[in-house]
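Taking it in order: structure first as structure tokens, then the write-up.
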């Protein structure tokens, strides 16, 4: 989403700069590789994690020297760092986009960060959420403020279609060749994605589709427990934990269904990519997904993952004509409303208001 936004901003005459921060020892992050490939302006920065005041001040100094007129953050870490420690030579508007909220257990480090994030959001020049449903996650005093704008994520469909033509990793290719149909799940291997429940639903799905395969693309702290779940249910040959994949559209192009099993979401780019490629979607009814899928007109929505996911996937795979019609409508909606250009135009309005204030 960020790269698509920057591309569209350049095309409209703006001069954006991507600041990509990572921990020491990281040579090149995935977003940095893709930004380089696209020829987008990029500044890489390496710093120790945590409330690093000194490095935050150095970033502010660099931004002053580069000539920044506005700062746009896309994550809670920079919201907190710049909200607490940000110091610029001139008054610079600070815009924050919230892509989703995952509520951490009480009194953990992430819980503290969540509280700090909500505190500094009140100080922002503007706060953008990717869907109306996300407003309820904002502090009450901010929820209905004029500083809050709703801007859905947008996509450059042409780039997705080009990526889809590229080859996939050998391991993924071999798995796809030996399974049909192929169900795809994408995301960080963390609790809110509910991949464990997706695996259990897939096990039941195989009663109707014994040659089916499930690919889960992503990495995270739950990998070991998911591997154990797969092994316990003797699904080792039928479920592939593919790890981080740099080109999801190429896998989508060879899949039959995207399954979004999340307990919470904003508006996932994965969904928009599937819409661009006319890949049928079954998703939990969370975040902005119901609005984008037109309450089930453009994809299958479920509320109870334990009770509904298996049947929803079975029906989507069995009735291909209905699935195709939903996917066509989804593709048309993407082209009509969810382009990178439309997203960039809406952000320009937010920027102008922030600068004027």
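Residue numbers (my numbering): 3 to 359.
Glycine included, each C-beta is placed from N, C-alpha and C at the ideal position.
What you are looking at is a predicted structure, and each value in this text was computed from that prediction instead of being measured.
For residue i and residue j, what's the separation of their Cα atoms in angstroms?
i: residue 20; j: residue 4; result: 9 Å
i: residue 107; j: residue 231; result: 23 Å
i: residue 127; j: residue 149; result: 7 Å
i: residue 118; j: residue 82; result: 6 Å
i: residue 160; j: residue 26; result: 35 Å
i: residue 226; j: residue 110; result: 22 Å
i: residue 64; j: residue 90; result: 10 Å
i: residue 85; j: residue 217; result: 39 Å
i: residue 242; j: residue 59; result: 44 Å
i: residue 303; j: residue 328; result: 12 Å
i: residue 235; j: residue 315; result: 19 Å
i: residue 277; j: residue 271; result: 10 Å
i: residue 175; j: residue 120; result: 43 Å
i: residue 301; j: residue 54; result: 43 Å
i: residue 299; j: residue 45; result: 42 Å
i: residue 61; j: residue 331; result: 44 Å
i: residue 143; j: residue 252; result: 43 Å
i: residue 287; j: residue 66; result: 43 Å
Report yes if the CB atom of residue i is closer than 9 Å to the CB atom of residue j, and no otherwise.
i: residue 259; j: residue 141; result: no
i: residue 201; j: residue 228; result: yes
i: residue 268; j: residue 246; result: no
i: residue 131; j: residue 104; result: no
i: residue 356; j: residue 96; result: yes
i: residue 17; j: residue 78; result: no
i: residue 102; j: residue 289; result: yes
i: residue 215; j: residue 340; result: no
Determine the burial state of residue i: buried for a count of at least 16 other Cβ atoms within 10 Å of its Cβ, exposed for fewer.
i: residue 71; result: exposed
i: residue 164; result: exposed
i: residue 7; result: buried
i: residue 209; result: exposed
i: residue 28; result: exposed
i: residue 317; result: exposed
i: residue 305; result: exposed
i: residue 283; result: buried
i: residue 129; result: buried
i: residue 133; result: buried
i: residue 195; result: buried
i: residue 37; result: buried
i: residue 75; result: buried
i: residue 203; result: buried
Between which two residues does the beta strand (DSSP E) containing residue i stretch?
i: residue 182; result: Counting along the chain, residue 182 falls outside any beta strand (DSSP E), and DSSP gives it neither H nor E.
i: residue 46; result: 44-48
i: residue 109; result: Run containing residue 109: none; DSSP gives neither H nor E here.
i: residue 302; result: 302-304
i: residue 99; result: 96-100
i: residue 259; result: 259-262
Whose C-alpha, out of the options, is nearest the C-alpha of residue i?
i: residue 178; options: 54, 213 and 53; result: 213
i: residue 87; options: 76, 52, 139 and 68; result: 52
i: residue 334; options: 50, 137, 274 and 303; result: 274
i: residue 256; options: 300, 170 and 24; result: 170
i: residue 189; options: 174, 248 and 215; result: 248
i: residue 308; options: 198, 348 and 318; result: 198
i: residue 205; options: 327, 282 and 312; result: 312
i: residue 154; options: 359, 358 and 344; result: 344
i: residue 1; options: 299, 222, 207 and 158; result: Residue coverage of the chain in this structure runs from 3 to 359, which leaves residue 1 outside it and unanswerable.
i: residue 10; options: 43, 31 and 30; result: 43
i: residue 323; options: 40, 354, 342 and 281; result: 281
i: residue 354; options: 33, 73 and 135; result: 73
i: residue 187; options: 285, 224 and 113; result: 285
i: residue 98; options: 351, 123, 338 and 113; result: 123
i: residue 222; options: 211, 233, 193 and 250; result: 193
i: residue 293; options: 265, 325, 336 and 321; result: 336
What residue range is occupied by the uninterrupted alpha helix (DSSP H) comprising residue i?
i: residue 241; result: It is not in any alpha helix (DSSP H) - residue 241 instead sits in the beta strand (DSSP E) that spans 241-245.
i: residue 342; result: 342-358
i: residue 75; result: Element bounds for residue 75: not the alpha helix (DSSP H) but the beta strand (DSSP E), 73-75.
i: residue 273; result: 271-278
i: residue 198; result: 197-207
i: residue 32; result: 32-40
i: residue 85; result: 78-87
i: residue 281; result: Careful: residue 281 lies outside any alpha helix (DSSP H) and carries neither H nor E.
Are the C-beta atoms of residue i and some chain B residue less than 9 Å apart?
i: residue 320; result: This model lacks chain B altogether, as it is built from one protein chain only.
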